[in-house]
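First up is the structure itself, then whatever we jot down about it.
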Amino acid sequence: MYGSEAWTITNKFKKKLKAKEMWFLRQMLKIPWTAKKTNERVLQEAQSERSLLHKIRKRQATFFGDFTRQEKLENVIKTRMMTGRQRERLTDGMAKWLGVGSVVAILQKTNMRQEWRGLIASTMEQGT
87 MYGSEAWTIT
97 NKFKKKLKAK
107 EMWFLRQMLK
117 IPWTAKKTNE
127 RVLQEAQSER
137 SLLHKIRKRQ
147 ATFFGDFTRQ
157 EKLENVIKTR
167 MMTGRQRERL
177 TDGMAKWLGV
187 GSVVAILQKT
197 NMRQEWRGLI
207 ASTMEQGT
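Under the working numbering, the first residue of the sequence shown is numbered 87, with each subsequent residue one higher.
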């Protein structure tokens with residue numbers, strides 16, 4: 087999870103994270119890959135639930151809030167436009183995950199620390 091604060095989580099990457107989390111659990115329980123056990127069964131045996139994606143999202147949200155509150159760091163990186171399809175940005179993923187309409191609304195909420203923490207906590211409780 088080192089550096090996970092800066093990852094952009096796409097749907098493809100989300101599937102890979104979920105698969106890797108199940109692989110970790112199977113390795114810890116010493117369940118061979120040939121055993122026909124469903125993921126739900128493995129989670130029951132481990133007395134656990136999927137939490138890797140939630141932990142990463144929480145770390146991203148706290149990092150994003152800290153980062154955007156530092157006004158010195160705005161517009162520091164100047165890059166050329168790249169050709170091809172535009173990549174999904176961290177801010178876009180954050181807006182989608184938190185259920186906030188736009189990136190501008192997120193940037194406004196990060197300046198109000200208590201409201202930002204409440205938004206993160208309510209999103210984590212909903213399990214999205």
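Just so it is clear, CB atoms sit at the ideal spot from N, CA and C, and this is done for glycine as well.
The structure displayed is predicted, hence computed values, not measured ones.
If we ignore side chains and look at the alpha-carbon of each, how far apart do residue i and residue j end up?
i, j, result
"MET180", "THR120", "38 Å"
"GLU131", "PHE110", "13 Å"
Where does residue i fall in DSSP's three states?
i, result
"GLN133", "coil"
"GLU174", "coil"
"LYS123", "coil"
"GLN156", "coil"
"TRP109", "helix"
"SER90", "helix"
According to the Cβ coordinates, are residue i and residue j closer than 8 Å?
i, j, result
"THR196", "ARG155", "yes"
"ARG145", "GLU91", "yes"
"GLU107", "ARG127", "no"
State the CB to CB distance for the pair residue i and residue j, rounded to an integer number of angstroms; the pair is presumed to be in contact (CB under 8 Å).
i, j, result
"LEU103", "LEU138", "6 Å"
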